[in-house]
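Some notes on the structure that comes next.
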Amino acid sequence: MRKEIAVFNINDKSYEVILTPNVTLAELLREKLDLTGTKCACGAGECGSCTVLVNGQPTFSCSTLAIACKDKKILTIEGLAKNGELHPLQKAFVETGAIQCGFCTSGMIMMAKAFLDENPNPSRFEVKEGLSGNLCRCTGYVKIIDAVMVAAEMIREGGR
Amino acid sequence: MRSLKPFDYFEPATIKEATKLLSKYGGRAQILAGGVDLIPRMRKGKIKTDFLVNIQKIPELSYLSAGGRKGLKFGAMTSLHALELSQDIHKLYPVLHEAIHQIASVQAKCIGTAVGNLCVATPASDVATALMALGAELMIAGPRSPRIEPIEKFYVGYLKTSLRAGEMVTGVSLPSPVAGSGTGFFNLLRTKGDSAKVSVAVAITLKNGICQEAKISLGAVAPTIFRATKAETVLKGQKLSADLISKAADAAVKETQPITDVRSTAEYREVTTGILVARALGKAVERAKA
């Protein structure tokens, strides 16, 4: 297995990394770059906690090879806040109390970001469908859905 | 979390390059499309691979043609989500839209491909069940000249396809729906997001109430997805009454070879196959008349 020097574009910053092809995107983020906001739970693409955006598409970073993402734009939870100000989704999760243990939160927020980018004015039912690939073991779903509805409104009113 | 075992990695730029690599490494190579199924199975050690051929960088595999008179075509790298969003598919092939839409995980649909789903060859694929009722054909490239395979012939056994050494599926084509045709899709799941315990898709063509053409495709009730041809024969040339639909449903049940597993008992699979076939035929008649 050959090692390779690859350049990654993560949260609009460029990272040069030496890696082997069997490194997953989640391993690259957490272990090589210390971007530990992305969480890994099931490792099998079932729970959604490792969700990041690759070229805008919500992606299981545990089931994606890092090397396959080297020409793509990667967005993680660390890239959402701008100039010290939280993203509306982050604000809404805090204000609504949509966080219990917090382990699913970054995956939920990244999935919600991709969902609202595609559907900025969703119904509650559409939010449920949009987040159906993300599990919350604390079962705090009601407040998570509340938070996404609040964030959608904040974004529509120009909060970014 | 366990890391992936080492492998050599390739990013071919053309189909020809990809099939060359697949021919060279044979059974020791795996194709990486979306990776939704492959990477977790590699991590669990269920798939061992020495060579990984990533087909994501092959531009000629990412397309979705308009569903005109020539039918509809999509490529091996076209994501399930792209198909789900297609208005042509929603309008012309509603059962394919339904089969994709009910898949719970949005991420799996955004990175996962329909062709990848087909090539896993699980008998529980709702997408494959829908595509079989729609008369899908697979476009296959390999060391020799490209070939076209009807989806029924693609599945030769449990998790087994007719792909030969060095071959890969490059895309899927669907015939354009004829006048008077209607389709229906129903499945049963333990919970949303689980694999189907029974999956049923049907397509019929009616002329003056008489059934001209019938396709009944059954998933998760045999080692492969298959067409219930005896049940189809019950319908062809006949007036589609409630009584005839129930006879066809009974015939379909007799063609199943269900097993008992973690998702369902064989008996339950049999009973519900009949119910879902009848329900899907009812829906197809309703759509054919609309």
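If you read the protein sequences in the order shown, they are chains A and B.
With the working numbering applied, the first sequence covers 1 to 160.
With the working numbering applied, the second sequence covers 1001 to 1290.
Glycine included, each C-beta is placed from N, C-alpha and C at the ideal position.
It should be emphasised that the depicted structure is a prediction, and the values quoted were computed from it without experimental measurement.
Point to revise | Contacts of B/G1045 in chain A (Cβ-Cβ under 9 Å) | key: Ordered by position in chain A, no residue passes the 9 Å Cβ test against B/G1045, which lies about 12 Å from the chain.
Exercise for review: Go to A/F103, then tell me how far its beta strand (DSSP E) extends in each direction, as first and last residue.
Suggested key: Counting along the chain, A/F103 falls outside any beta strand (DSSP E), and DSSP gives it neither H nor E.
Point to revise | Boundaries (first-last residue) of the beta strand (DSSP E) holding B/T1191 | key: Here B/T1191 belongs to no beta strand (DSSP E), and DSSP marks it neither H nor E.
Review point. Going by C-alpha distance, which of A/I67, A/R156, A/T139 is nearest A/E118?
Key: A/R156
Review point. Run through DSSP, which three-state label would A/G79 get?
Key: helix
Exercise for review: State yes or no: is the beta carbon of B/M1132 nearer than 8 Å to at least one beta carbon in chain A?
Suggested key: no
Review point. So with Cβ pairs under 8 Å, would you call B/G1116 a contact of chain A?
Key: no
Practice item. Determine the DSSP secondary structure at B/F1007, reduced to helix, strand or coil. Key: coil
Review point. Looking at chain B, which residues of the segment 52-66 of chain A have a Cβ within less than 9 Å of any of its Cβ atoms?
Key: V54, Q57, P58, T59, F60, C62, S63, T64, L65
Practice item. Could you tell me which residues DSSP puts in a beta bridge with B/I1216? Key: B/V1202
Review point. Residues in the segment 1048-1079 of chain B with C-beta within 9 Å of chain A's C-beta atoms, listed in sequence order?
Key: L1052, N1054, Q1056, K1057, S1079
Exercise for review: Name, please, each residue of chain A whose Cβ falls closer than 9 Å to the Cβ of B/Y1009.
Suggested key: M1, R2, E4, T20, P21, N22, L65, I67, A68
Practice item. Could you tell me which chain B residues have their CB closer than 8 Å to the CB of A/M111, listed as they occur along the chain? Key: V1106, Q1107
Exercise for review: Report the three-state DSSP secondary structure of A/N11 (helix, strand or coil).
Suggested key: coil
Review point. What residue ranges within the segment 1076-1128 of chain B form continuous alpha helix (DSSP H) runs of no fewer than 4 residues, ordered along the chain?
Key: 1080-1085, 1087-1092, 1094-1101, 1106-1111, 1114-1120
Review point. Mind checking if B/P1012 is an interface residue toward chain A, Cβ cutoff 8 Å exclusive?
Key: no
Check your understanding: Residues of chain B with a CB under 7 Å from the CB of A/C104: which are they?
Key -> The premise fails here: A/C104 is roughly 13 Å from chain B at the closest Cβ pair, so nothing lies under 7 Å.
Point to revise | Pairwise C-alpha distance: B/A1121 and B/Q1238 | key: 34 Å
Check your understanding: In the DSSP assignment, what residue or residues form a beta bridge with B/C1211?
Key -> B/L1206
Check your understanding: Along the chain, where does the alpha helix (DSSP H) that runs through B/L1038 open and close?
Key -> 1038-1043
Review point. Using a Cβ-Cβ distance under 8 Å, would A/C40 count as near chain B?
Key: yes
**Study point:** Proximity to B/I1055 [Cα-Cα], best of B/V1198, B/L1032, B/A1201
**Key:** B/L1032
Check your understanding: Residues bridged to B/L1052 by DSSP?
Key -> B/Y1009, B/Q1030
Exercise for review: Return the first residue and the last residue of the beta strand (DSSP E) that B/I958 is part of.
Suggested key: Nothing about residue 958 of chain B can be read from this structure; chain B reaches only from 1001 to 1290.
Check your understanding: Using the C-alpha atoms, what's the distance from B/T1161 back to B/D1355?
Key -> A query on residue 1355 of chain B cannot be resolved here, the shown segment of chain B reaching from 1001 to 1290 and no further.
Point to revise | Separation of B/K1057 from B/K1007, as counted between CA atoms | key: In the sequence on display, residue 1007 of chain B carries Phe and not Lys. Rounded to whole angstroms, B/F1007 to B/K1057 spans 19 Å at the Cα level.
Point to revise | Range covered by the alpha helix (DSSP H) that runs through B/E1137 | key: Looking at the DSSP string, B/E1137 is not in any alpha helix (DSSP H); the run it does join, the beta strand (DSSP E), is 1137-1141.
Check your understanding: Which chain A residues are close to B/P1094, counting only those with a beta carbon under 7 Å from its beta carbon?
Key -> Within chain A, no residue comes near B/P1094; the closest Cβ sits about 18 Å away, beyond 7 Å.
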